[in-house]
Structure formats: structure tokens, C-alpha cells
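A.B. asks: Submitted below is the structure of interest, expressed as C-alpha cells.
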Amino acid sequence: MHGPSAEVTPLDIWLAVATILLCVALSAFFAASETALTAASRARMHGLEKNGDPRAARVNRLLMSRERLIGTTLLGNTLVNIGASAFTTSVLVAVAGDRGAIYATGLMTIILLVFAEVMPKTVAINYPDRTSLLVARAISFFVAIFGPVLIAVEVFVRGLLKLAGVDTSRRHSILSGHEELKSAVDLLHREGGVARSDRDMFGGLLELRDLEVSDVMVHRTKMLALNADLPPQELIREVAAAPYSRLPLWRGEPENIVGVLHARDLLRALEAAGNIAGNFKVESIAIEPWFVPDSTPVQDQLQAFLKRKTHFALVVDEYGVVMGLVTLEDIIEEIVGDIADEHDVIVQGVRMLAGGSAIVDGSVPIRDLNRVMGWDLPDEEATTVAGLVINEARAIPESGQVFTFHNFRFEVLRKTRNRITSLKIMPEQPGAETAANA
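When we follow our numbering, the leftmost residue of the sequence shown carries the number -16, and every step to the right adds one.
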């Protein structure tokens, strides 16, 4: 072992210490820059750029060439870390002899870990947007300086990956744009930044592209329709008692829809007839029914409603059989939730119980139940709650049977013929088995 060198002056030591501190500071800068820029909100930066912020424009340019950005921060970090370690080793070897190399390794590990990695990255991840705006100009300078070296490194790396059978020329996103937006909003909701109602509204808007008219329609078993052959006086009473302003008219059998009666048109016809009910015919004021296929995408139906300036359509299957009806309000409710007014029926088929459970009509749509209760029951294979139970059980259950699916306990309370009319649903603890006994 050699002793300390006598040729090292205090000035040399202070210069070396200053160089080491500069390298540690630059290492912290590169680490914080990489963390902040990769975590920065693209949407917020885009908005700031549109408002004329030049710093946000620099951030967006850096994010457009993400590989070049990451390469710059890695190269800069590697250079200054090696430099700091080399200077520390040389100083401590000069002061303490060969043991200085061991001291330098331990000392620089602690300094670089705490002050050049953990601390700057913690600050950057907590304030990514603010930090990105602060470092964008300096990082852009280093990207320009290291450009030739990075290009050579990229070519070399791509060549090695190509030899290994990895194609880096294509870049595929696992999630679509809609899925990424929905996931981002859901994450913000869980972190407390977005209210549940706003999350549901945004999610409902994005999900319109995946829905068909059959998913949002009012099924024919719940559809209120009037017999067109009713006497005018009785017809007026039925319209006045109905909670809706538009009502389908049928003749002969309920599936034979011959028109749609608007309450406003009925009032006008009654006034024109001198308020004498027998002086008008319902066919003269009913409008022609509009039939749409049940497989029509909801987005297309929404545009059709706006184009035709009408809010009511009857839904038919591939054989022309009436399956239900859909209104503009039904589609809007998929986005904003239930829209209730003073004439709406209050009972929605869901009665909440203590402990988070509920008594639910079998005909209640799964999407409505999820929205009301904050649940996440799947609605890909079935539209209604009864349909979900039948699909999972692979049979038509009897009253009193209990099933556990998707971490929920379903108890069949009532069954009418082959229809489940009432169920009790209770959330189970995570990890519940996906099957149950009868």
C-alpha cells in the first residue's frame, strides 16, 4: 500500500471537489429531466402550445422524438457519473492511498443514489409539467450537441436488434386512442382528480362507438303503446295518463305498429275539433313510424336523429319484428346518465338495500345498474341483469337459486314462466368463486 501523495495541493483538491459537485448536479439534472419529460401531460402541453407558450412547444418537439430524448439523458447521465466517480477516485487515492478507490466507490454510490437519482426523480415525478417546462430549453441544447453521437448509436442498436429478429421500424400501440383516453380518465378518477360523474360521462361518450341500438333501446315488454282502434275519448285518457309525449299506435296486434302519436298533435287536433273528442281520427294526426335495425351503431343513430330532426324510432330485428323503441333521450342518457323530469316514473327497477346490495328487476339493463350502483358487471354477452344470470348459469334458474358470478351474489327472488322478474344482488369479497350451488 502506498501512502498519500505529497504533490497534491489544497487548490487541486478544491478544484476536484468543485468538479465532482458540478458532475453530481448535472447528473441530477439529466435524471430529473428524463423523468419529468416522460411523465409530462401531452394534453396539457398541447394546450399550452396552442396558447402561445414557447416552452411547451419545445417540450412537444422533444416528446415527438422520444428515443432521441431518452438517448440524450442517458448519454449525459453516463458521462457525468463516470466523470464524478473518476475525479472522486483520483482525489481520494491521492489523499488516502490505494484505499481511496474503495472509499470513492462507497461515497459516490451514496451521493449519486441520493442526490443524483432518488431526490431529483422524486421532485420531477411530483411536478412533471412544471419541471418539463423548466428544463426544455437546456435539454434541447444537449439534444442538438449529442445529435451525431446519438444517431450513430441508434443505427448501431437497430442493426443489432435486426440481427436478433426484432423489427423496430413499426410502432404499434397496445391500446387504441379511445382506450387510452378512457384509461387515463379512470386513473385520474382513482387518484381523486376527476369526479365519478365526470368519469362516467366521459366514458359513456367514448363507449358510444361500441354500442348498438339494441343495447340502449326500451324493450318491447316495457314499451307503452296504444290501440289505434280505441274510441277517441279513451285514447285521450290514455295519452293524458302516460308519462311520455310520443306513443306508438298499433292495430290488430301489438307488434303491428301503424303510427306514432305525439301528445302535442293530439291537443292541437282536439282544439281544432272544438274540444269534441269524436270529431277527429287518430290516423290523421299520427306520424308515420320510423323503423331502424337493432344492429345500427348508436353513433350512426344519433346522427340520424339530428339529421331527420326527430327523436323517436322503432327498433326491428332482421325479420322485421318490432323489438322495442329508441329515443334521442335514451342515447343522451348513455352519456350523462338518467335524465328525470317531473313526469318521469321514479321507480327504475332498482331498490338499494343496506350493505351495498340491491333488489333489481330482471329487465333492468346492466349498464344502468352499473351506473346507479357504481358496479362493473360485464355487459358484453347480455343486455339485462336476467340475461346475464341466464348466460352465466347456462340455464333458466328457479326461484330461490343463488349464483356467484364476477364477485357478485345473485339470488333469484321471482320467476314468471321463463322470465326472471326479480333478483337480489350483493357484492362479494374479491376472490369469490365463479360458480355457485343451486
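For glycine and all other residues, C-beta sits at the position ideal for the given N, C-alpha and C.
Please name the residue in ARG27, VAL101, VAL265 and GLN284 whose C-alpha comes closest to that of PRO214.
C.D. replies: Answer by Cα proximity: VAL265.
A.B. asks: Pairs of beta-carbons, one from the segment 291 to 308 and one from the segment 330 to 347, closer than 8 Å: are there three or more?
C.D. replies: Contact between the segment 291 to 308 and the segment 330 to 347 is absent, because fewer than three Cβ pairs lie under 8 Å.
A.B. asks: Determine, using beta-carbon pairs with one atom in the segment 93 to 104 and one in the segment 6 to 13, whether at least three such pairs fall under 8 Å.
C.D. replies: The segment 93 to 104 is in contact with the segment 6 to 13.
A.B. asks: For ALA127, tell me which candidate among VAL76, ILE315, GLY59 and THR(-8) has the shortest Cα-Cα distance.
C.D. replies: For the residues VAL76, ILE315, GLY59 and THR(-8), the minimum Cα distance to ALA127 belongs to GLY59.
A.B. asks: Tell me whether the segment 343 to 356 and the segment 404 to 412 touch, counting them as touching only if at least three CB pairs, one residue from each stretch, are closer than 8 Å.
C.D. replies: Yes, since at least three Cβ pairs between the segment 343 to 356 and the segment 404 to 412 fall closer than 8 Å, the two stretches touch.
A.B. asks: Please tell me whether LEU48 and ILE122 are closer than 7 Å, where the distance is taken between their beta carbons.
C.D. replies: Residue identity check: residue 48 is Ser in the sequence provided, not Leu. Contact flag unset, no.
A.B. asks: Starting from PHE393 and walking both ways along the beta strand (DSSP E), at which residues does that stretch end?
C.D. replies: It spans 391 to 399 - the beta strand (DSSP E) in which PHE393 sits, taken as one unbroken run.
A.B. asks: From the DSSP output, which residues share a beta bridge with PRO348?
C.D. replies: According to DSSP, which records beta bridges pairwise, PRO348 is partnered with THR367.
A.B. asks: Between LEU116, HIS294 and LEU230, which lies nearest to PRO37 when the distance is taken from Cα to Cα?
C.D. replies: Nearest option by C-alpha distance: LEU116.
A.B. asks: Beta carbon of PRO272, beta carbon of LEU297: below 7 Å?
C.D. replies: Yes, Cβ-Cβ distance for PRO272 and LEU297 is below 7 Å.
A.B. asks: Where do the N-terminal and C-terminal ends of the beta strand (DSSP E) with VAL309 fall, by residue?
C.D. replies: That run of the beta strand (DSSP E) goes 305 to 310.
A.B. asks: Does LYS407 come out as helix, strand or coil in the three-state DSSP assignment?
C.D. replies: Residue state, collapsed to three classes: strand.
A.B. asks: Look at ARG229 and PHE295 and say whether their C-beta atoms are less than 7 Å apart.
C.D. replies: Cβ distance < 7 Å, so ARG229 and PHE295 count as in contact.
A.B. asks: Using 8 Å for Cβ pairs, my map puts GLY425 next to LEU133. What's the rounded Cβ distance?
C.D. replies: Residue 425 lies beyond the range of the chain shown here (-16 to 421); nothing can be said about it.
A.B. asks: Secondary structure at VAL201, three-state DSSP: helix, strand or coil?
C.D. replies: Reduced to three states, the DSSP call for VAL201 is strand.
A.B. asks: Between the C-alpha atoms of LEU396 and GLU195, what's the straight-line distance to the nearest angstrom?
C.D. replies: Roughly 30 Å separates the two Cα atoms.
A.B. asks: Measure from the alpha carbon of ALA246 to the alpha carbon of each residue in GLU312, GLU254 and ASN239, then state which is nearest.
C.D. replies: When each option's Cα is compared against that of ALA246, the closest is GLU254.
A.B. asks: Figure out for me which residue from LEU75, MET206 and GLU316 has the closest Cα to the Cα of GLY425.
C.D. replies: The requested residue 425 does not occur in the structure, where the chain is confined to residues -16 to 421.
A.B. asks: Please give the ranges of any beta strand (DSSP E) in the segment 261 to 293, keeping only runs that are unbroken, at least 3 residues long and fully inside the region.
C.D. replies: If we require 3 residues or more, the beta strand (DSSP E) runs fully inside the segment 261 to 293 come out as 274 to 276.
A.B. asks: Since ASN239 is in the beta strand (DSSP E), which residue starts that stretch and which ends it?
C.D. replies: Start and end: 236 to 245.
A.B. asks: To the nearest angstrom, how far is it from the Cα of MET102 to the Cα of LEU144?
C.D. replies: Answer to the nearest angstrom: the Cα atoms are 34 Å apart.
A.B. asks: For the alpha helix (DSSP H) that contains PHE295, what are its first and last residues?
C.D. replies: That residue, PHE295, is in no alpha helix (DSSP H); its beta strand (DSSP E) goes 295 to 299.
A.B. asks: Can you tell me which of the three DSSP states GLU325 falls into?
C.D. replies: Low confidence applies here, because GLU325 scores a pLDDT of 47, under 50, leaving its location unreliable and the question unanswered by this model.
A.B. asks: GLU195 by DSSP, collapsed to three states: which one?
C.D. replies: Correct three-state label for GLU195: strand.
A.B. asks: Tell me whether MET47 sits in a helix, a strand or coil according to DSSP, three-state version.
C.D. replies: Three-state DSSP puts MET47 in a helix.
A.B. asks: So, does the segment 202 to 222 touch the segment 234 to 242, judging by three or more C-beta pairs under 8 Å?
C.D. replies: Cβ pair count under 8 Å is three or more, so yes.
A.B. asks: At what residues does the alpha helix (DSSP H) containing VAL222 begin and finish?
C.D. replies: VAL222 -> alpha helix (DSSP H) spans 215 to 224.
A.B. asks: Please classify VAL328 as buried or exposed, where buried requires at least 16 neighbouring CB atoms within 10 angstroms.
C.D. replies: The predicted model places VAL328 with a pLDDT of 45, which falls under 50 and marks its position as unreliable; any figure quoted below should be read in that light. Exposed is the call here.
A.B. asks: Hey, LEU20 and LEU45 are a contact pair by Cβ (cut 8 Å); roughly how many whole angstroms apart?
C.D. replies: 6 Å between Cβ atoms; contact.
A.B. asks: Out of ILE349, GLU381 and GLY357, which one is the CA nearest neighbour of ASP169?
C.D. replies: Among ILE349, GLU381 and GLY357, the Cα nearest to that of ASP169 is on GLY357.
A.B. asks: Tell me the start and end of each unbroken alpha helix (DSSP H) in the segment 76 to 137 that is at least 4 residues and wholly inside, in chain order.
C.D. replies: Entirely contained in the segment 76 to 137, the alpha helix (DSSP H) runs reaching 4 residues are, in chain order, 82 to 96 and 102 to 109.
A.B. asks: Between ASP351, GLU364, VAL368 and LEU289, which lies nearest to VAL319 when the distance is taken from Cα to Cα?
C.D. replies: The option with the nearest alpha carbon to VAL319 is ASP351.
A.B. asks: Round the Cβ separation of LEU75 and ALA67 to the nearest angstrom and send it over; I've been treating them as touching at under 8 Å.
C.D. replies: Contact doesn't hold; Cβ gap of about 12 Å is too wide.
A.B. asks: Go ahead and pull the three-state DSSP assignment for LEU57.
C.D. replies: It is helical.
A.B. asks: To the nearest angstrom, how far is it from the Cα of PHE125 to the Cα of ALA84?
C.D. replies: Cα-Cα distance, rounded: 31 Å.
A.B. asks: Kindly identify the DSSP beta-bridge partner or partners of ALA341.
C.D. replies: DSSP, once it has assigned bridges, lists MET335 and ILE408 as partnering ALA341.
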